[in-house]
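So the structure is just underneath, and the comments pick up after that.
There are 2 protein chains.
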Amino acid sequence: MPVLVMKFGGTSVANLDRIKRAAKRVGVEVAKGYDVIVIVSAMAGRTNELVGWVDEISPLYDAREYDAVVGSGENVTAGLMALTLQEMDVPARSWQGWQVPLQTNSAHSAARILDIPPDNIRAKFAEGMRVAVIAGFQGVSPEGRITTLGRGGSDTTAVAFAAAFQAERCDIYTDVDGVYTTDPRICSKARKLDRISFEEMLELASLGAKVLQTRSVELAMRYGVKLRVLSSLNEQSDSAGTLVCDEEEIMETRVVSGIAYSREEAKMTLVSVADRPGIAAAIFGPLSEAGVNVDMIIQNISEEGRTDMTFSCPTDQVKRAEKALAEAKARGEINYHDLIADTDVAKVSAVGIGMRSQSGVAARMFKTLSDEGINIKVIATSEIKISVLIDRKYMELAVQALHDAFELEKLA
Amino acid sequence: MPVLVMKFGGTSVANLDRIKRAAKRVGVEVAKGYDVIVIVSAMAGRTNELVGWVDEISPLYDAREYDAVVGSGENVTAGLMALTLQEMDVPARSWQGWQVPLQTNSAHSAARILDIPPDNIRAKFAEGMRVAVIAGFQGVSPEGRITTLGRGGSDTTAVAFAAAFQAERCDIYTDVDGVYTTDPRICSKARKLDRISFEEMLELASLGAKVLQTRSVELAMRYGVKLRVLSSLNEQSDSAGTLVCDEEEIMETRVVSGIAYSREEAKMTLVSVADRPGIAAAIFGPLSEAGVNVDMIIQNISEEGRTDMTFSCPTDQVKRAEKALAEAKARGEINYHDLIADTDVAKVSAVGIGMRSQSGVAARMFKTLSDEGINIKVIATSEIKISVLIDRKYMELAVQALHDAFELEKLA
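And the structure:
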């Protein structure tokens with residue numbers, strides 16, 4: 001029988017009623033003839049509670065114990081979902097990560113999936129079981145200890161199962177009914193997209209549109225898993241959500257598919273750096289070693305052998321960046337007059353595969369912002385993305401203006 | 001290094017402060033030179049919450065899924081305890097049941113321990129780890145599924161580990177500071193016992209004194225594990241609690257060591273049963289098959305070929321008993337006029353190894369109750385126990401009168 005993967009996030013299994021509602025959706029697919037693999041998250045709020053306890057005990061915790069604690073919420077939901085399905089006369093059983101086993105490397109709390117041997121579950125399907133309920137987010141290391149895949153890791157669990165079982169589709173049930181052209185809370189004209197390419201979704205996810213974990217999109221792209229995002233909460237709606245797929249499967253051409261934003265970006269400026277060959281390596285080497293994720297970089301024109309160097313990084317890494325640079329200065333590796341951290345900025349990005357073939361997108365973006373009197377502090381571009389750093393107070397205005405400028409309300 | 005087992009119940013790990021307090025006690029034993037195996041229960045209330053969810057979804061639940069859900073609370077505490085110990089610079093790590101592995105049979109939700117291979121944990125002790133924190137109550141079946149050991153099962157986990165590691169002692173930390181001559185809430189003269197024999201503890205546990213799971217006491221007796229019950233809550237007290245040990249280790253002679261009671265006993269009377277050889281088997285066979293735990297049995301003198309048969313069973317099994325007997329009657333296997341269930345009774349018991357050698361205990365018990373005007377409905381005795389069923393309203397009075405009569409306030 002064809003296999004379908006269905007993943008339910010924390011809000012979709014927040015209580016027994018929601019679990020029942022999710023189980024009914026699973027029952028519908030079983031009735032259509034699918035063998036279903038259900039991936040569940042912990043009940044909403046539960047993982048945060050567990051993380052809070054660990055943080056309270058030990059700010060510099062042992063990641064192996066963190067994983068053992070934080071991964072436990074999914075076990076509860078998996079068992080409750082299996083029981084609910086059984087109560088509906090759907091043959092089901094639960095699997096915890098180590099039971100599958102979902103094998104990962106030993107990078108605790110950010111583990112990578114190595115393998116999902118499908119034989120155990122396939123044998124149960126052959127015996128008549130119709131639903132395998134899997135505790136998401138967790139796996140087991142080569143040392144036999146519990147690992148977790150990072151926040152949002154259940155998305156990645158779902159896609160990995162879909163790849164391992166050559167599933168027809170991987171449906172991600174969440175609290176929104178699909179991927180939007182931008183955040184509807186900020187822009188009332190935002191439209192749900194019927195389809196979006198893997199590449200675009202990847203940029204949107206990494207830019208802070210929190211619908212899917214970035215790695216799950218990478219994995220889906222690599223293995224050609226058809227990924228669908230839809231709502232489990234909207235009872236009456238039979239909305240098909242948004243399909244994340246190869247760009248060949250998207251008929252209409254569009255230049256920009258979405259406007260993303262992030263408030264969690266800080267602008268760091270090294271003032272009056274002594275400019276010399278290798279200075280960039282001297283600055284960004286120590287930052288990388290300290291685990292600072294540098295996003296955008298700008299180097300100003302050099303005057304009299306000195307220059308200003310500006311970069312952006314997540315706001316919660318500012319302290320770490322300051323420490324790493326101060327240490328490099330103390331070691332005599334770099335020389336600068338001042339380091340200014342500006343956390344009152346936001347990143348706004350336009351994303352679209354059409355940019356590859358169509359020119360003038362950047363120009364239109366810059367003109368739109370300029371017309372609104374918004375000053376651009378830093379610019380970064382990729383093949384299908386243009387990002388700008390602006391004052392945080394203009395973020396909503398910029399999103400709305402760009403949404404209008406690229407006529408995204410006409411997409412669907 | 002000598003090994004010590006310390007078990008902390010749900011109230012002893014109810015929140016992070018309590019876990020810290022428990023960890024400090026562990027640290028004291030580590031400082032004395034012990035390698036410590038810590039067994040933890042789920043945080044107080046957590047298991048009840050999980051059981052409640054399962055019951056709400058499915059009154060006739062799949063016990064394998066029940067175990068997967070209900071056993072998860074201990075994993076959280078084990079990880080948090082390991083982190084707390086690490087924070088105190090005590091080398092510690094957690095083990096879940098399947099990681100040890102604590103091997104059980106497949107009797108889900110009432111599984112029996114088959115084996116605890118000690119090599120894995122011993123190797124870690126040899127490497128310098130000082131505390132192994134074990135999630136109590138849970139194990140793994142030969143099929144690789146999670147099992148639980150029944151309510152109070154963490155006591156049994158603790159004793160089994162003490163036996164497997166030849167521990168010097170097994171300390172059970174709970175919310176009372178030891179085993180008392182009777183329940184102090186009912187009798188203000190109740191005294192904590194310094195020592196009690198395995199046999200007496202076994203009778204007290206099975207009679208409803210809920211300090212230890214009955215099976216843990218059986219296991220301790222079989223493997224000669226020194227068991228100590230003490231409070232983790234009483235901060236200032238350095239009370240040594242109560243030692244459960246071989247009777248040879250108890251110096252003072254005493255006839256009765258404790259008065260136990262149970263409100264959860266019902267008296268069932270089959271009125272006018274046709275008396276014939278094999279009638280007892282015809283009655284109690286079907287009850288046993290229906291899973292009714294019959295405790296006391298009385299058969300009245302037979303008159304004109306008919307008799308009354310009285311027995312006791314837990315109150316929550318009354319419905320099941322009625323159904324089993326009605327079915328046996330319908331099948332023509334037994335014949336009776338009426339079945340009367342009296343749930344307004346209580347069982348009161350005197351327990352003491354001294355009864356073996358000293359006569360007159362029963363007589364003193366009956367006279368004491370008679371002097372208080374309490375009517376005895378059913379009597380049952382074992383080598384070291386006398387139990388009576390009485391009207392529930394007299395229960396407290398009976399406990400106090402018997403405590404006085406056997407001068408238990410003089411014990412310690």
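Those protein sequence lines, which keep their order, are chains A and B. Heads up: the first sequence is residues 1 to 412, going by the working numbering. Heads up: the second sequence is residues 1 to 412, going by the working numbering. Even glycine gets a Cβ: it sits at the ideal position worked out from N, Cα and C. Note that this is a predicted model, so its numbers are computed, not measured.
With 16 other Cβ atoms within 10 Å as the buried cut-off, status of residue i
| i | result |
| --- | --- |
| residue 451 of chain B | Residue 451 of chain B lies beyond the residue range present for chain B, which begins at 1 and ends at 412; the question has no answer from this structure. |
| residue 192 of chain B | buried |
| residue 385 of chain A | buried |
| residue 316 of chain B | exposed |
| residue 56 of chain A | exposed |
| residue 1 of chain B | exposed |
| residue 276 of chain A | exposed |
| residue 370 of chain B | exposed |
| residue 114 of chain B | exposed |
| residue 94 of chain B | buried |
| residue 251 of chain A | exposed |
| residue 403 of chain A | buried |
| residue 196 of chain B | buried |
| residue 77 of chain A | buried |
| residue 253 of chain B | exposed |
| residue 178 of chain B | buried |
| residue 126 of chain A | exposed |
| residue 14 of chain A | buried |
| residue 142 of chain B | exposed |
| residue 184 of chain A | exposed |
| residue 286 of chain A | buried |
| residue 28 of chain A | exposed |
For residue i: DSSP bridge partner residues
| i | result |
| --- | --- |
| residue 76 of chain B | According to DSSP, which records beta bridges pairwise, residue 76 of chain B is partnered with nothing at all. |
| residue 243 of chain A | A:195 and A:228 |
| residue 400 of chain B | In the DSSP output, where bridge partners are listed per residue, residue 400 of chain B has none listed. |
| residue 6 of chain B | B:38 and B:171 |
| residue 30 of chain B | Note: residue 30 of chain B sits in no beta bridge, so no partner. |
| residue 60 of chain A | Answer is none; residue 60 of chain A lacks a bridge partner. |
| residue 350 of chain A | A:259 and A:386 |
| residue 311 of chain B | B:268 and B:297 |
| residue 148 of chain A | A:138 |
| residue 99 of chain B | None; residue 99 of chain B has no bridge partner. |
| residue 345 of chain A | A:391 |
| residue 104 of chain B | B:113 |
| residue 94 of chain A | A:133 |
| residue 338 of chain A | A:271 |
Whole-angstrom C-beta distance between residue j and residue i, which should lie under 8 Å
| i | j | result |
| --- | --- | --- |
| residue 218 of chain A | residue 136 of chain A | About 17 Å; that fails the 8 Å criterion. |
| residue 345 of chain B | residue 265 of chain B | 6 Å |
| residue 92 of chain A | residue 99 of chain A | About 14 Å separates the two Cβ atoms, so there is no contact after all. |
| residue 390 of chain B | residue 374 of chain B | 5 Å |
| residue 81 of chain A | residue 19 of chain A | 6 Å |
| residue 194 of chain A | residue 243 of chain A | 7 Å |
| residue 359 of chain B | residue 387 of chain B | The pair is not a contact, with the Cβ atoms about 18 Å apart (cut-off 8 Å). |
| residue 103 of chain A | residue 140 of chain A | 6 Å |
| residue 239 of chain A | residue 173 of chain A | Residue 239 of chain A to residue 173 of chain A, Cβ: 12 Å. No contact. |
| residue 67 of chain A | residue 156 of chain A | Not a contact, Cβ separation roughly 15 Å. |
| residue 268 of chain A | residue 363 of chain A | Contact flag wrong, Cβ pair sits at about 28 Å. |
| residue 313 of chain A | residue 324 of chain A | Rounded, the Cβ-Cβ distance is 11 Å, inconsistent with contact. |
Residue i beta carbon near the ligand SAH (any heavy atom closer than 7 Å)
| i | result |
| --- | --- |
| residue 53 of chain A | This structure simply doesn't include the ligand SAH, nor any ligand for that matter. |
* Can you list, in chain order, the residues of the stretch 35 to 65 of chain A whose Cβ is nearer than 8 Å to any Cβ on chain B? -> 50, 53, 54, 56, 57, 58, 61, 62, 64 and 65
* Asked: Quick one, which residues of the stretch 297 to 325 of chain B are near chain A if we go by CB-CB under 8 Å, in chain order?
  -> The residues in question: there are none.
* Asked: According to a CB-to-CB cut-off of less than 7 Å, which residues of the stretch 137 to 152 of chain A neighbour chain B?
  -> Listed in sequence order: 144.
* Near-chain B residues of the stretch 82 to 102 of chain A (beta-carbon distance less than 8 Å), N- to C-terminal order -> 82, 83, 84, 86, 87, 93, 94, 96, 98 and 99
* To do: Counting only runs of 3+ residues fully inside the stretch 162 to 236 of chain B, write out the beta strand (DSSP E) ranges in chain order.
  => With a minimum length of 3 residues, the unbroken runs of beta strand (DSSP E) contained wholly in the stretch 162 to 236 of chain B fall at 169 to 174, 195 to 197 and 227 to 231.
* To do: Kindly provide the ranges of any beta strand (DSSP E) runs that are 3 or more residues long and lie completely inside the stretch 114 to 143 of chain B, ordered along the chain.
  => 131 to 135 and 138 to 140
* Asked: At a Cβ cut of 7 Å, what residues of the stretch 7 to 21 of chain A count as close to chain B, listed as they run along the chain?
  -> 16
* Asked: Where in the stretch 239 to 308 of chain A do unbroken runs of the alpha helix (DSSP H), each at least 4 residues long, occur, reported from the N-terminal end onward?
  -> Fully contained in the stretch 239 to 308 of chain A are the following alpha helix (DSSP H) runs of length 4 or more, in chain order: 279 to 289.
* When Cβ atoms are compared, which residues of the stretch 65 to 76 of chain B fall closer than 7 Å to chain A? -> 65, 68, 69, 72, 75 and 76
* Chain-ordered residues of the stretch 208 to 229 of chain B with a beta carbon less than 7 Å from chain A -> none
* **Members of the stretch 253 to 282 of chain A near chain B, C-beta cut-off 7 Å** => none
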